[in-house]
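In the working numbering, the protein residues as written are 59 to 380. Beta carbons: idealized from backbone N, C-alpha and C, even for Gly. Model, not experiment: these values are computed from the prediction. Inspection log for the structure reproduced underneath, given as structure tokens.
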Ligand SMILES: Cc1ncc(C[n+]2csc(CCOP(=O)(O)OP(=O)(O)O)c2C)c(N)n1
Ligand SMILES: [Mg+2]
């Protein structure tokens, strides 16, 4: 019998239980034979959820202001970015491009820059007010991230899809050569996997046992012109990565903060075992704004004034607007 996970929150722990059926809210859930504690406390979970809600506001407000940008993938990857930067990365507070003796992250699907910029700013990399300059001429926050503007947190130019895995595995291999035991994380779109360079990188990373690399796929089943199934089916991604020699795991609820945090921590525990690690992270494009969800329509389209108001109402201010 398959498992469903239930996250039960008490005062100090988020507890993951499995097995037994219990009616809770409107859905049947399984409670378990065992439970395991995670390090996330209830106040911390609430704090991170508030953080994610504010990030969603930032995404909507950035793209609305300049009537351009990519809200769909950004909203779908909000939990991933919040989990990574607030809970998972062992990173230095002051940005250092060399990234020595710290975990580093590369965004390969650079079009989802609004979520990246928001989380970087709210994690202290640069002033939150700078989000006001998104996509403006001479801004450090270009539509697709680049390095020459010198924005703290940005390690590669991305936007031209397919390149980030090659960069990430190179950095990971350099860490190994330098006896730096920290990890390299990367994020890729599922449509991005249609780029041939991804599979060259996948073959190399496994062949050279780059086992300090965790590549996450934003598996939202959507891309710019439609569903991935309609545009160019991806087939069995797990089987594909496994056949290339990767250790593959899934995050079934990529828009649940506890699930993403647990998943990233599990991925971390799988490193150092001779294989690069791939996470297939199931997300909903446009998550958190009801009329943007489950469709490619908002891949690269900004909301109008009225749509912005609806989106903001669904994501109330928590940390303060910039
Ligand atoms: C090399 C390259 N080809 C085409 C594009 C145009 N493009 C931008 S985003 C995108 C869709 C990518 O799909 P996915 O990675 O699934 O991103 P999502 O739509 O889910 O955000 C395409 C084709 C690009 N940026 N780079
Ligand atoms: Mg996609």
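Should residue 269 and residue 312 be called a contact, given that it needs their Cβ atoms to be closer than 8 angstroms?
Taking 8 angstroms as the Cβ cut-off, residue 269 and residue 312 do not qualify as a contacting pair.
Is it buried or exposed, residue 278, if we count other Cβ atoms within 10 angstroms and call 16 or more buried?
That one is buried.
Do the segment 315-333 and the segment 348-362 touch if we need at least three Cβ pairs shorter than 8 angstroms?
With a cut-off of 8 angstroms, the segment 348-362 and the segment 315-333 do not count as touching, because too few Cβ pairs lie within range.
May I ask which residues mark the beginning and end of the beta strand (DSSP E) holding residue 238?
Per DSSP, residue 238 belongs to no beta strand (DSSP E) and is neither H nor E.
Among all the DSSP beta bridges, which residues are the ones paired with residue 340?
Looking at the DSSP assignment, residue 340 forms a beta bridge with 277.
Reducing DSSP to helix, strand and coil, say where residue 261 ends up.
In this structure, residue 261 counts as helix in the three-state DSSP scheme.
When you compare only the Cα positions, how much space is there between residue 301 and residue 217?
Cα to Cα, the separation comes out at about 27 angstroms.
Of all the beta strand (DSSP E) runs that stay within the bounds of the segment 289-325, which reach a length of 3 or more residues?
As far as the segment 289-325 is concerned, its whole beta strand (DSSP E) runs of at least 3 residues are 305-309.
Alpha carbon to alpha carbon, what distance is there between residue 208 and residue 199?
For residue 199 and residue 208, the distance between alpha carbons rounds to 10 angstroms.
Identify the continuous beta strand (DSSP E) that holds residue 163 and give its terminal residues.
Element bounds for residue 163: 162-165.
Is residue 285 helix, strand or coil when you go by DSSP?
Correct three-state label for residue 285: strand.
Taking the continuous alpha helix (DSSP H) assigned at residue 194, which residues delimit it?
Taken as a continuous stretch (DSSP letters only), residue 194 belongs to no alpha helix (DSSP H), as it is neither H nor E.
Of all the options 294, 325, 291, which has the alpha carbon lying nearest to the alpha carbon of residue 307?
Looking at the Cα atoms, 325 is the closest of the given residues.
Can you confirm whether the segment 106-116 touches the segment 288-301 when touching is taken to mean that 3 or more C-beta pairs between the two stretches lie within less than 8 angstroms?
The segment 288-301 vs the segment 106-116: no contact.
Can you list, in chain order, the residues of its chain whose CB lies under 7 angstroms from that of residue 241, leaving out five sequence neighbours each side?
Hits under 7 angstroms: 161, 270, 272, 326, 329.
Taking the continuous alpha helix (DSSP H) assigned at residue 134, which residues delimit it?
Per DSSP, residue 134 belongs to the alpha helix (DSSP H) from 129-134.
Ends of the alpha helix (DSSP H) at residue 122?
Its alpha helix (DSSP H) spans residues 100-124.
Mind checking who residue 335 pairs with in its DSSP beta bridge?
Residue 335 pairs with 272, 305.
Are there 16 or more other CB atoms within 10 angstroms of the CB of residue 230, so buried, or fewer, so exposed?
Under this definition residue 230 is a buried residue.
Can you give me the start and stop residues for the alpha helix (DSSP H) that residue 183 sits inside?
Element bounds for residue 183: n/a, residue is neither H nor E.
How long is the line joining the alpha carbons of residue 265 and residue 259, rounded to whole angstroms?
Those two C-alpha atoms are separated by around 10 angstroms.
Per DSSP, what kind of secondary structure is residue 247 in: helix, strand or coil?
Looking at residue 247 - three-state DSSP - the assignment turns out to be strand.
What I want to know is whether the C-beta of residue 276 ends up closer than 7 angstroms to one or more non-hydrogen atoms of ligand 2.
Yes; taking the cut-off as 7 angstroms, the Cβ of residue 276 has a heavy atom of ligand 2 nearer than that.
Quick one: is residue 150 near chain C, going by C-beta distance under 8 angstroms?
Protein chain content of the structure displayed is limited to a single chain, and chain C is not contained in it.
Excluding the 5 residues preceding and the 5 following residue 282 in the sequence, name in chain order all residues of the same chain whose CB lies nearer than 6 angstroms to its CB.
So the qualifying residues of the chain are 357.
Relative to ligand 2, is the shortest distance from any of its heavy atoms to the C-beta of residue 249 smaller than 7 angstroms?
For ligand 2, at least one heavy atom lies less than 7 angstroms from the Cβ of residue 249.
Leaving out the 5 sequence neighbours to the left and right, which residues in its chain are closer than 7 angstroms to residue 341 when beta-carbon positions are compared?
134, 135, 276, 277, 278, 312, 313, listed in sequence order.
For residue 144, name the three-state secondary structure that DSSP assigns.
Three-state result, residue 144: helix.
Could you tell me the distance, in whole angstroms, from the CA atom of residue 4 to the CA atom of residue 235?
No answer is possible for residue 4: it lies beyond the span of the chain, which begins at 59 and ends at 380.
Does the beta-carbon of residue 297 have 16 or more other beta-carbons within 10 angstroms, so that it is buried, or is it exposed?
That one is exposed.
For residue 295 versus residue 322, is the C-beta spacing smaller than 8 angstroms?
Their beta carbons are not under 8 angstroms apart, which means residue 295 does not touch residue 322 by this criterion.
Quick check: is any heavy atom of ligand 2 less than 7 angstroms from the C-beta of residue 281?
Yes.
Give a yes or no on contact between the segment 165-182 and the segment 115-125, applying the rule of three or more CB pairs nearer than 8 angstroms.
Judged by Cβ distances under 8 angstroms, the segment 165-182 makes contact with the segment 115-125, as three or more pairs qualify.
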